[in-house]
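For reference, each letter of the sequence shown is one residue, going 33 to 373 in this note's numbering.
The beta-carbon is built from N, C-alpha and C at its ideal position, and this holds for glycine as well.
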Amino acid sequence: MAVSKLQVVEERVHEVVVHEGHRARVRWQLLELVPSDGQPALAVQRTVAAGAEQAPRTRGTVILVHGLAQNSRSWQLSGRSLPAWLAERGYEVLNVDLRGHGLSRRLGSLPARRFDDYADDLVRLVHALPRRPFVAGHSMGAAVAMRAAPRVALAGLVHWAGVYTFARENLALRGAAHLSLAMSGLLPEGAAMSWRPAGRLISRLHRVAEPLNYIAPIRGWGWRSFERPLLRERVTEGFDVTSFAVMEEMSRWALGEPVDDGAFAALEDLPLLVLSGTADKLATVGDGRACYETSRSRDRTFLVFSREVHGFSPGHLDIVLGAKAPALIWPEVLSWLDARA
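See below:
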């Protein structure tokens, strides 16, 4: 695979709301990972502290990888920004939209035809960088990181509410998987589905979305763990498009095929941080525990966030951008990064 180049499309220095009104002055760049060898263009948002370009170098590079049918808004909203928070603390943050998602779709990239297309995207991005990055993957993004990790040199991997033994504990997800596979032969090649209408519906029904989410078998967030305006923004702007081919592959995972073929688990020298929330019904504590226990990494950490210990039982989305994430979860990630940067 030829090495792709990153080129600047747009840039500005501006203030970003990090959390609870605190603002950080950052240099933001929209980068394009230039197409090569038939691979599509990818949009990568780079965030560093304003003035960091004059520093000898930032502490390290962190790539953020979103999940299924999501986009780069998984990590930043108008009132809360993990990239800006990490940039303030000395890191270069690269927030990527996988092919067919978010800003990458605006650059002309089509939805993935297979799951490993996403791993190829991440491998290309890592190869375009001058140093080994950390990679943090949320949900399906953690599986993307796991698939890419044996092919590139990484400084560490954060499995953030990531899938591993996908849907083993969720009958509703397994039922949806059966339905997805039953439909597979009826759809044209390259067919994709937009989840934006679902996000808009949740936003419109915001007054009842909280109690419905609390009792739903597929729970997206913990009880009252998002401020209402940010929750509406997250589901409206963060839900995206994904291909039926990728959903079919994940359906096979739900019905027993392994997410990891063993190549990731065998990596002994890759530092691994696994984060799980007890209210998460999509990527459960069981997923996190299986990832941790299967890994042969000599440097691995497993953190479970619960109401009993932390006063916060996060679900699938709020473990990244919920109201308590900046105080309880982000510092754990930072400490782990700092110890290995």
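According to DSSP, residue pairing for R78 in a beta bridge involves Q61 and L126. Sequence-distant partners of A355 (beyond 5 residues in either direction) whose C-beta falls short of 7 Å from its own C-beta, in its chain, are S257, F258 and E259. Bounds of the alpha helix (DSSP H) holding F276 are F276 to A286. Taking a cut-off of 8 Å on C-beta distances, the segment 59-69 touches the segment 39-49, as three or more cross pairs fall below it. Between L213 and E280, the C-beta spacing is below 8 Å. V76 is positioned such that its CB atom lies no closer than 8 Å to that of L114.
The beta carbon of Q102 sits closer than 6 Å to the beta carbons of G270 and D272 from its chain, once the five residues preceding and following it are set aside; these are given in chain order. Secondary structure note for W117: it is in no beta strand (DSSP E), and the uninterrupted alpha helix (DSSP H) holding it is L114 to E120.
In the displayed model, G173 falls within a helix according to three-state DSSP.
For W362, the enclosing alpha helix (DSSP H) begins and ends at W362 to D370. Separation of the CB atoms of A151 and V50 is rounded to 31 Å, and the pair is thereby denied contact status at 8 Å.
Here E289 is exposed: its Cβ has fewer than 16 other Cβ atoms, across all protein chains shown, within 10 Å.
The shortest C-alpha to C-alpha distance from H348 to any of V184, L314, F334 and L369 is the one to L314.
A contact is defined here as three or more CB-CB pairs under 8 Å, and the segment 291-299 fails this definition with respect to the segment 126-142.
Short of 6 Å from the beta carbon of L307, and not among the five residues preceding or following it, lie these beta carbons of its own chain, in chain order: W192 and L335. With fewer than 16 other beta carbons inside 10 angstroms of its own, E340 counts as exposed. With respect to the 8 Å criterion, S345 and G217 are not classified as neighbours on the basis of their beta carbons.
Between the beta-carbon of A286 and that of L205 there is about 5 Å, and that keeps the pair under the 8 Å contact cut.
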